[in-house]
Each structure stands twice: as structure tokens, then as C-alpha cells.
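Here's the structure, in C-alpha cells; my notes come after.
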Amino acid sequence: MLPGLTRDEILRYSRHLLIPEVGLEGQRKLKGSSALIIGTGGLGSPVALYLAAAGIGRIGLVDYDVVDSSNLQRQVIHGTSTVGKLKVESAKAKLLDLNPDIEVGVYNEPFTSENAMRIARDFDILLDGTDNFPTRYLTNDVAVFLGKPNVYASIYRFDGQVSVFYAKEGPCYRCLFPEPPPPGLIPSCAEGGVLGVLPGTIGTIQATEALKVLLGIGEPLIGKLLLYNALDMSFDFVKLKKNPNCRVCGPNADIKELIDYEAFCGVPSHDHDEGSAGAGWDITAPELAARLKQNHLKLLDVREPHELEISALPGAVNIPLGTLAARLSELDSAEDMVVFCKSGTRSARALELLASAGFKKVKNLKGGINAWAREVDSSLPIY
Amino acid sequence: MATLKIPTPLRSYTNGQAEISVRGANVAEAMNDLTQKFPTLKPHLYSGDGELRPFVNLFVGENNIKDLQGLDTPLDENARVILIPSIAGG
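Residue numbers (the numbering used here), protein chains in the order written: chain A, 1 to 383; chain B, 384 to 473.
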């Protein structure tokens with residue numbers, strides 16, 4: 001039995017009620033439906049705002065992060081006044097201001113194998129707006145095991161992807177991507193950047209797909225993947241088929257319960273700046289400052305050239321990570337060297353490459369030039 | 384020549400080029416031409432034993448080559464090949 005609409009709700013949703021594909025019954029469907037949004041960042045912002053505005057009766061928000069000023073270039077659900085506050089609380093307040101007739105449940109915790117089934121069970125649809133591979137595989141598997149649609153979107157720089165993974169009717173995320181990329185091969189948005197408006201474009205498409213699925217109208221992106229590029233302003237669609245060998249939704253699936261997704265992907269389930277090369281390979285910013293006072297050290301900056309305009313260390317040699325393999329001959333493996341980037345992730349990859357090429361006297365600046373700016377030289381900006 | 388569309392994460396290995404014209408009668412030859420033109424791209428697409436990495440998907444037109452003839456999928460002069468990596472940003 002669908003819930004009815006109050007007089008105020010009829011007025012609020014009048015532009016929906018005028019569309020025959022939605023109408024009064026569709027709006028009542030939306031009021032009676034629920035959506036779990038995993039991540040309240042770039043994608044989660046427009047998704048949550050538009051689903052709340054559309055009158056989804058119950059919205060769940062999962063995130064354990066706090067609002068940072070570097071989020072505000074794209075995470076429009078938050079604001080300057082909520083910097084430092086929990087993202088789920090910041091988002092909840094905005095949603096209830098936009099639409100006080102809906103219910104917003106918050107889960108201020110990481111989405112993990114331990115809690116994901118319990119959290120997701122009570123929702124009709126999942127929306128994947130996370131920022132890392134482990135949580136994407138986890139969200140997929142939860143959706144498959146619970147038989148729920150997973151409206152997927154992901155972004156990087158100018159590129160976006162959207163699909164509806166619904167194993168009952170089509171392929172799942174693992175059918176397309178059976179395995180994650182090797183750790184470090186695909187940069188994250190924290191390292192590679194993202195055009196601020198991109199999650200707006202992609203997130204609103206994601207919200208559109210969720211509304212279509214919940215209303216049962218149109219042709220949702222089940223079995224189709226949308227590829228968007230903002231620079232080319234191109235929209236490409238490709239067909240996705242169920243993979244008969246899929247380990248989660250295939251006929252001979254051997255993964256029957258949630259696994260350890262961080263181990264599966266080889267990376268942590270967050271996209272924070274805390275790059276480390278591991279014990280014995282790191283040097284902290286204060287340690288580096290002390291070493292530089294005592295003796296000469298070669299500094300290797302593996303960031304892209306345009307990043308040097310933001311901040312730089314004097315005397316450092318710039319060889320971007322992407323070209324390092326081809327330019328090893330410019331470096332002396334006998335020399336003591338510290339490699340750095342913005343936050344320590346790319347330099348950790350560079351260190352692996354250097355170590356495998358026989359460089360033994362190399363250290364990684366833990367936390368990158370941002371750590372140097374925080375702990376040694378406050379005249380440098382943090383980005 | 385077929386056209387191969389390069390996604391943003393890999394464009395730093397193709398001098399920023401978004402679309403590359405490649406020679407080859409099938410996908411394997413076209414990919415070989417691509418990695419000869421841009422050798423630093425190769426380790427990102429192929430594992431050490433020369434296999435295409437499982438997270439890399441190649442589509443000819445709108446079809447995954449896994450649903451066609453794999454790397455043997457023939458290409459005509461006007462074929463459009465799209466390389467789709469997994470990205471995780473949100």
C-alpha cells in the first residue's frame with residue numbers, strides 16, 4: 001500500500017505530478033521508497049540533494065569523514081560553515097532544510113564487510129558514490145547478495161562512468177571489472193585531481209537512473225555503461241553482458257559472502273592523503289629538514305610540472321612519475337636521495353620503481369610536500 | 384586506420400592525445416601499434432607475461448571484445464576502439 005501525499009506535498013511535487021510518467025502514483029512510490037547513498041562526497045552531494053528534493057521517503061547516508069575545505073570545490077552539499085563537522089550530519093541538515101518531509105538516516109562509520117549487509121538490507125536501492133576500489137567491490141557484492149540494484153558512478157579528472165548494476169536483470173560491477181587494477185596504477189582524485197563540476201554532471205545522471213529504477217519508467221542503464229568526457233563533451237554508450245565466469249553473480253559463483261576487500265584490492269578503503277612507502281622506506285618532513293642541515297641529499301620531485309607552481313622545494317629535480325622509468329639514466333643510484341610528491345602516494349610508487357632498478361639509498365618523504373608545509377615550512381601552501 | 388579512444392587517466396602516456404589512429408587488422412595488432420607509438424603505456428595495459436590486464440576493457444564500437452573474438456576481433460578502417468579502465472573517484 002503506497003503512502004498518500006499531504007496537501008503540502010501535492011504542492012511541493014506539483015511539477016512531478018504534471019508528468020504522466022510520474023503522476024500521483026509515481027510520487028507516492030517515491031515517498032514509499034528508500035535509497036542508501038554510500039559516500040557523501042562529490043557524487044553523493046548531488047545524488048542526495050536531488051533524491052531528497054524528488055521526495056524519496058527515506059534516505060540513508062554512509063560516510064565517516066569530516067568536511068574539509070578542499071572538498072568544497074565540488075561537494076556542494078557541504079558549506080564553509082560545516083568545515084570540520086561530520087559529513088553525514090552536514091549533509092543531513094542540508095537535506096532536511098531542502099525537504100523536511102523525508103526521513104534521513106545517518107551512518108557515521110566506514111562501510112565495511114562487518115556492517116554493510118546490516119545497513120543496506122533496509123533500503124530499496126544502493127547508490128555507489130565512494131572514492132575507492134575496496135568499497136566499490138564491497139557495494140557491488142552487497143547489492144548482488146541482497147538482490148538490490150546498485151546505481152554506480154565513478155569519476156576521474158574529466159571522465160565519468162555510470163551504469164546500473166542489477167544482477168537479477170543484467171551484469172554486476174565484477175562482470176565488467178573482475179579484478180581491481182594493481183595498487184597505484186590508477187591515480188585517485190586526491191592525487192590526480194577532478195574537475196569540480198564533473199561529479200555534478202555524473203551525480204545527477206546517477207540520481208536520474210535511481211529515480212527511473214524506483215519509478216519503473218524509461219530504460220535504466222542496466223547492461224549499458226555510459227562514458228562521459230567533459231573535455232570532449234562526449235557521451236559514449238557501450239553494452240555490458242553478464243559474465244558467465246563472474247565469481248559473484250555467475251552460475252558457478254564461488255564468492256558467497258563478503259570478503260576482505262582491502263586485501264582483495266591491495267589498497268585501503270579511503271582516498272586520503274597519507275602516502276607511505278612502508279617501514280624503513282619513509283623519512284618524515286622534520287627528519288628530512290634535519291638531514292638537509294647536515295649533508296647533501298638529492299631531492300627528486302615526481303609531481304607533474306604544473307604542480308611546481310603551487311609549491312616547490314629548492315634544488316629538487318623534477319621528473320614526473322609517468323616519465324621516471326624512461327629517465328632513470330639521469331639519476332645516480334649511488335647518491336642518497338629523497339623522493340617526494342604532493343602527499344607521498346606517487347613518490348611511494350616512484351620508490352618501488354627505483355628500488356627495483358637497483359637504487360638502494362632512496363627514501364620517501366612521508367606525507368609529501370604537504371607534510372613539509374605542515375611540519376617544516378608554513379610559508380608553503382597546502383593543496 | 385582504426386581510431387583508439389584513450390581515457391583521461393592514461394592520456395599522460397599518450398602526450399595528452401585523446402584519440403590515436405592505429406594500424407592493424409585486428410585488436411591485437413592495433414594495440415601493438417599503440418604501445419609501439421607510446422611504449423610507456425605498455426606496462427599499464429599489459430602484465431609482465433604479456434597478457435592484457437584484467438581491469439582493462441576494450442570495446443570495438445559498443446561491444447566488449449570479450450563478447451566478440453577477444454584480441455582477434457577484426458577491425459575495419461573506420462572501427463572505433465574504446466579503452467575503458469576502472470576508475471574509482473567519487
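Using N, Cα and C, we set each Cβ at its ideal position, and we do this for glycine too. As the structure is a prediction and not an experimental result, all values here were calculated from the model.
Query, Result
"Identify the contact partners of residue 41 of chain A in chain B, using a Cβ-Cβ distance below 7 Å as the criterion.", "473"
"Examine chain B for any beta-carbon lying closer than 9 Å to the beta-carbon of residue 364 of chain A, and answer yes or no.", "no"
"When Cβ atoms are compared, which residues of the region 421 to 438 of chain B fall closer than 9 Å to chain A?", "422, 423, 426, 427, 430, 436, 437, 438"
"State yes or no: is the beta carbon of residue 372 of chain B nearer than 9 Å to at least one beta carbon in chain A?", "Since the first residue of chain B shown is 384 and the last is 473, residue 372 of chain B is not available in this structure."
"Identify whether residue 21 of chain A lies in helix, strand or coil by the three-state DSSP scheme.", "coil"
"Quick check: what's the CA-CA separation for residue 266 of chain A versus residue 179 of chain A?", "11 Å"
"Please tell me whether residue 63 of chain A and residue 84 of chain A are closer than 9 Å, where the distance is taken between their beta carbons.", "no"
"Roughly how many angstroms separate the alpha carbons of residue 151 of chain A and residue 163 of chain A, rounded to a whole number?", "6 Å"
"Could you list which residues in chain B have their beta carbon closer than 7 Å to that of residue 385 of chain A, in chain order?", "Residue 385 of chain A is absent from the structure shown; chain A starts at 1 and stops at 383."
"Following the continuous beta strand (DSSP E) through residue 301 of chain A, name the residue where it begins and the one where it ends.", "298 to 301"
"Give the straight-line distance between the Cα atoms of residue 368 of chain A and residue 253 of chain A, rounded to the nearest whole angstrom.", "42 Å"
"Have a look at residue 32 of chain A and residue 285 of chain A and give me their C-alpha separation to the nearest angstrom.", "54 Å"
"My output table needs one value for residue 402 of chain B: the three-state DSSP class, helix, strand or coil.", "strand"
"Could you spell out where the beta strand (DSSP E) holding residue 161 of chain A opens and where it closes?", "159 to 165"
"Going residue by residue through the region 16 to 74 of chain A, where are the continuous beta strand (DSSP E) segments of at least 3 residues, counting only ones entirely within it?", "34 to 38, 58 to 62"
"Taking residue 393 of chain A as the query, report the chain B residues whose CB atoms sit under 8 Å from its CB, ordered along the chain.", "The question about residue 393 of chain A has no answer, for chain A in this structure spans 1 to 383."
"Does residue 325 of chain A have its Cβ less than 9 Å from a Cβ in chain B?", "yes"
"Name the DSSP beta bridge partners of residue 127 of chain A, please?", "A:37, A:151"
"Can you give me the C-alpha to C-alpha distance between residue 455 of chain B and residue 351 of chain A, rounded to a whole angstrom?", "37 Å"
"For the 8 Å Cβ check, are there 3 or more pairs between the region 43 to 57 of chain A and the region 135 to 143 of chain A?", "no"
"Starting from residue 446 of chain B, find everything on chain A with Cβ-Cβ shorter than 8 Å and list it in chain order.", "238, 239"
"List, in order along the chain, the chain A residues whose C-beta lies closer than 7 Å to that of residue 450 of chain B?", "241"
"Kindly say whether residue 415 of chain B, judged by its beta-carbon, lies nearer than 9 Å to any beta-carbon of chain A.", "no"
"Taking Cβ-Cβ distances shorter than 9 Å, what residues in chain B pair up with residue 322 of chain A?", "395, 396, 423"
"Given 8 Å as the limit, is there contact between the region 290 to 297 of chain A and the region 202 to 215 of chain A, that is, 3 or more CB pairs closer than that?", "no"
"Near residue 188 of chain A, which residues of its chain fall below 6 Å by C-beta distance, leaving aside the five closest residues on each side in sequence?", "271"
"Any C-beta of chain B within less than 7 Å: which residues of the region 367 to 380 of chain A qualify?", "none"
"Closer than 8 Å, Cβ to any Cβ of chain B: which residues of the region 161 to 176 of chain A, in chain order?", "161, 176"
"Which class does residue 462 of chain B belong to by DSSP, given the choice of helix, strand or coil?", "coil"
"With DSSP as the reference, label residue 392 of chain B as helix, strand or coil.", "helix"
"Closest Cβ-Cβ distance between residue 153 of chain A and chain B: below 9 Å?", "yes"
"Quick one: list the residues of chain B neighbouring residue 88 of chain A, beta-carbon separation under 7 Å, in chain order.", "Within 7 Å Cβ-Cβ: nothing; residue 88 of chain A doesn't reach chain B, min ~15 Å."
"Nearest chain B C-beta to residue 61 of chain A closer than 9 Å, yes or no?", "no"
"Flag this pair as yes or no: are the beta carbons of residue 374 of chain A and residue 341 of chain A separated by less than 9 Å?", "no"
"Do we get a CB-CB distance below 9 Å when we pair residue 359 of chain A with the residues of chain B?", "no"
"Which residues of the region 225 to 237 of chain A have a Cβ closer than 8 Å to any Cβ of chain B? Give them in chain order.", "225, 227, 229, 231, 232, 236, 237"
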